[in-house]
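Be aware that the sequence shown starts at 5, since it is given in this note's numbering, and climbs by one per residue.
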Amino acid sequence: KHASLALFSIYIFGILLAVILSKVFRKTMFKEENTPFVMELPPYRMPTVKSTVTHMWDKSRQYLQKMGGIILIASIVIWFLGYFPHNKTTEKVFDEQIEQTAVLFSQGEISSQKQDSLVAGIEVMRASVHQENSYIGKIGHFVEPVMRPLGFDWKISVSIITGMAAKEIVVSTLGVLYPGDGQSQESLQTRIQNETYSDGTPVFTPIVAVALMLFVLIYFPCIATIVAIKEESGSWKWGLFTIVYTTLLAWVIAFLTYQIGMLF
């Protein structure tokens, strides 16, 4: 209901946080006097329609190349980690349950609609168990204790890890981890809203969503940005510093957001 307000607030918060951190670093880590800097600027002119359209096209093309490159590759890797390995024993158990519904239907004990409903439920359970025992599930459960104080489950934790390559991958990872049942046309947003823990409580509450948005906003930029920092500074020191301090800051702010929000 308030998507535009949330997006605007995230932008404003990011700007304010950048200003505050720049002041803190200026008074603590970068106390040297400013050196004179002179740069000759060309006269400003009103951009033409042609130059504006050309610039828009170049930026759009760069983003599409990024979408078709690193994000596509990352999504394939995430799918692979979520699809393997297969446990034949577990698969056999679910196959037997599906066969049992067919037997009950043939004996007239359940209707066709009831059988379809039971099979759909079994398939959902099969997918859930398979994901939890997949490579990506093991990674998620390994880091979950660190992210649990922020209100994040193992799936959200995995999406944050994969977002290190590019933050856009956070959404594509959630799309892989929250698949549809193959019959309904539910959007990712709807599937996320319907996700619950074993006790029935929702995984995504408004406060969890806010904490996640803040974490993704603050934690370290993509790997390409870290490489650029290294190239500009001439050392990996500042790149590693950026990774550590932004991730810790993101954790603290998301933690405070979630814990304070849970009090109301």
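Quick reminder that beta carbons are idealized off the backbone N, C-alpha and C, glycines included.
C-alpha distance - residue i paired with residue j, whole-angstrom precision
i      : j      : result
Gln193 : Thr105 : 31 Å
Leu20  : Met129 : 44 Å
Ala78  : Thr166 : 8 Å
Trp255 : Leu154 : 8 Å
Ile264 : Leu25  : 22 Å
Cys226 : Leu85  : 21 Å
Phe17  : Ala232 : 25 Å
Thr52  : Tyr262 : 47 Å
Glu44  : Trp83  : 51 Å
Glu116 : Leu122 : A quick correction: the sequence has Ser, not Glu, at residue 116. Distance between the alpha carbons of Ser116 and Leu122 is about 10 Å.
Gly238 : Ile230 : 12 Å
Asn91  : Asp62  : 47 Å
Lys31  : Trp240 : 23 Å
Ile80  : Phe12  : 32 Å
Val23  : Thr93  : 56 Å
Glu36  : Tyr87  : 53 Å
Val147 : Lys234 : 27 Å
Same chain, Cβ closer than 7 Å to residue i, five either side skipped, listed in chain order
i      : result
Gly179 : Leu192
Glu172 : Ile75
Met266 : Ile211
Phe208 : Ile196, Gln197 and Glu199
Among the options, the one whose alpha carbon lies nearest that of residue i
i      : options                           : result
Pro210 : Gly243, Phe268 and Ile247         : Phe268
Ser202 : Ser239, Ser115, Tyr262 and Asp157 : Asp157
Ile102 : Gln117, Gly18 and Ala124          : Ala124
Pro89  : Thr250, Phe41 and Ser138          : Ser138
Ala215 : Ile257, Ile114, Ser121 and Gly238 : Ile257
Pro149 : Glu36, Leu244 and Phe259          : Phe259
Phe219 : His59, Pro40, Leu252 and Lys241   : Leu252
Phe245 : Met33, Thr56, Ser8 and Met217     : Met33
Tyr296 : Phe208, Val42, Met50 and Val28    : This structure does not reach residue 296, given that the chain is present from 5 up to 268, and the question cannot be answered.
Leu9   : Trp242, Phe224 and Met217         : Met217
Ala170 : Phe224, Ala213, Pro40 and Val147  : Phe224
His6   : Val147, Pro46 and Ala213          : Ala213
Own chain, CB closer than 8 Å to residue i, minus 5 neighbours either side, in chain order
i      : result
Tyr182 : Lys159, Leu192, Arg195, Ile196 and Glu199
Val174 : Ser163, Ile164, Thr166, Gly167 and Val220
Same chain only: Cβ atoms within 6 Å of residue i, ignoring 5 sequence neighbours per side
i      : result
Tyr15  : none
Met151 : Ser161
Pro206 : Thr200
Residue-level contact to chain B via CB, residue i, 7 Å cutoff
i     : result
Ser79 : Structure shown: chain B not included; a single protein chain is present.
Practice problem: Within the stretch 155-236, note down every full alpha helix (DSSP H) run reaching 4 residues or more, in order along the chain. | Solution: 158-166, 173-181, 192-198 and 210-222
Quiz item: Is there contact here, the stretch 107-120 with the stretch 131-144, by at least three beta-carbon pairs under 8 Å?
Solution: no
Self-check item: At least three beta-carbon pairs within less than 8 Å, the stretch 117-134 to the stretch 78-98
Solution: yes
Self-check item: Sufficient close CB pairs (3 or more, under 8 Å) joining the stretch 58-66 to the stretch 161-175
Solution: When Cβ pairs closer than 8 Å are counted between the two stretches, the stretch 58-66 is seen not to touch the stretch 161-175, the count staying below three.
Practice problem: Write down every uninterrupted run of the alpha helix (DSSP H) in the stretch 77-115 whose length is 4 residues or greater and which is fully enclosed by it, in chain order. | Solution: 92-110
Quiz item: Along the chain, which unbroken stretches of the alpha helix (DSSP H) at least 4 residues long are found entirely within the stretch 38-66?
Solution: none
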